[in-house]
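Each residue of the sequence shown is one higher than the one before, starting from 9 at the first, in the numbering used here. These notes concern the structure reproduced below.
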Amino acid sequence: MLDSPEEIAALQRLLDAAYEGSTEHLRNIITDPRRLDAQNLVDLLTGMRTLNLATVTAHDEPRISAVDGHFLHTRWVFTTSGTAAKARHLRARPAASISYVDGERIGVFSHGQVEFLTTEHPDFGEIEAHLTKHYGSSPSSWGPEIVYCRLQPTWMVGYAFDKAALLDEKTAR
Numbered sequence: 009m010l011d012s013p014e015e016i017a018a019l020q021r022l023l024d025a026a027y028e029g030s031t032e033h034l035r036n037i038i039t040d041p042r043r044l045d046a047q048n049l050v051d052l053l054t055g056m057r058t059l060n061l062a063t064v065t066a067h068d069e070p071r072i073s074a075v076d077g078h079f080l081h082t083r084w085v086f087t088t089s090g091t092a093a094k095a096r097h098l099r100a101r102p103a104a105s106i107s108y109v110d111g112e113r114i115g116v117f118s119h120g121q122v123e124f125l126t127t128e129h130p131d132f133g134e135i136e137a138h139l140t141k142h143y144g145s146s147p148s149s150w151g152p153e154i155v156y157c158r159l160q161p162t163w164m165v166g167y168a169f170d171k172a173a174l175l176d177e178k179t180a181r
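Next up, the structure:
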């Protein structure tokens, strides 16, 4: 795990604030026994997860696509082609929503601002090393214009229909 105790504590504050400020409808679904805390998310979101990424076009039309996501330092990181529509959308309008859902087992929903990480960014080397280890090659080698993105969340909630079973399943592995 790359996540520091300070990052986990900050994520917990974000999760608590998002939950407390959410609608009654959401709180009726994500009841306390089904609510995932920051440590749960760090423990459960290891490896690559297929994320749903929502962006907005220049005409304010929503677009959704899938990306390979990694939960590093309590934030979603993903790469894509710099020529992809989602990259163009995010450059012009960095607000985005990301969800990870696996049936009723787990759901993580987040909103925030996407930042583009260049090779000069202080976190780029660690992210590049993680992704290279995972994929066996650097995403930078996959094409001429690969971009590295990270969602800085402003809202996030985590859900598990059967939290105890999900955590037991993770421990058993």
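All C-beta atoms in this analysis are idealised placements derived from N, C-alpha and C, irrespective of residue type, glycine included. Since this is a predicted model, take the numbers as computed values, not measurements.
Span separating the alpha-carbon of D68 from that of T179: Walking along the sequence shown from the start, residue 68 turns up at place 60. Walking along the sequence shown from the start, residue 179 turns up at place 171. Cα-Cα distance, rounded: 43 Å.
Beta-carbon contacts of F132 that lie in its chain and below 8 Å, excluding the five residues immediately before and after: Along the sequence shown, one-based indexing puts residue 132 at 124. The residues are L125, T126 and Y156.
Backbone CA spacing between M164 and S145 [nearest angstrom]: Position 156 of the sequence shown, counted from the first residue, corresponds to residue 164. Position 137 of the sequence shown, counted from the first residue, corresponds to residue 145. When rounded, the distance between both Cα atoms is 31 Å.
Sub-9 Å separation of V85 and L52 beta-carbons: What you label residue 85 is simply residue 77 of the sequence shown in a count that begins at 1. What you label residue 52 is simply residue 44 of the sequence shown in a count that begins at 1. It is not a contact, given that the beta carbons lie outside the stated cut-off.
Pull up the distance between the alpha-carbon of E153 and that of L98, whole angstroms please. Indexing the sequence shown from 1 puts residue 153 at position 145. Indexing the sequence shown from 1 puts residue 98 at position 90. One C-alpha to the other measures close to 15 Å.
Within the continuous beta strand (DSSP E) that includes R71, where are the two ends? In the sequence shown, residue 71 corresponds to position 63, counting from 1. It spans P70 to L80 - the beta strand (DSSP E) in which R71 sits, taken as one unbroken run.
Quick one: what's got a C-beta closer than 8 Å to K94's C-beta in the same chain, skipping five residues either side? Sequence index remark: in the sequence shown, residue 94 carries index 86 (1-based). Listed in chain order, the non-local C-beta contacts of K94 below 8 Å within the same chain comprise L61, T63, R71, S73, V75 and T88, local neighbours out to five positions each way being set aside.
Nearest neighbour of S12, chosen from D170, P147, H81 and G111 [CA to CA]: The sequence position of residue 12 within the sequence shown is 4, counting from 1. The residue among D170, P147, H81 and G111 with its C-alpha nearest the C-alpha of S12 is H81.
Would you verify that the beta carbon of F86 is, or is not, closer than 9 Å to some beta carbon of chain D? Included in the structure is just one protein chain, with no chain D present.
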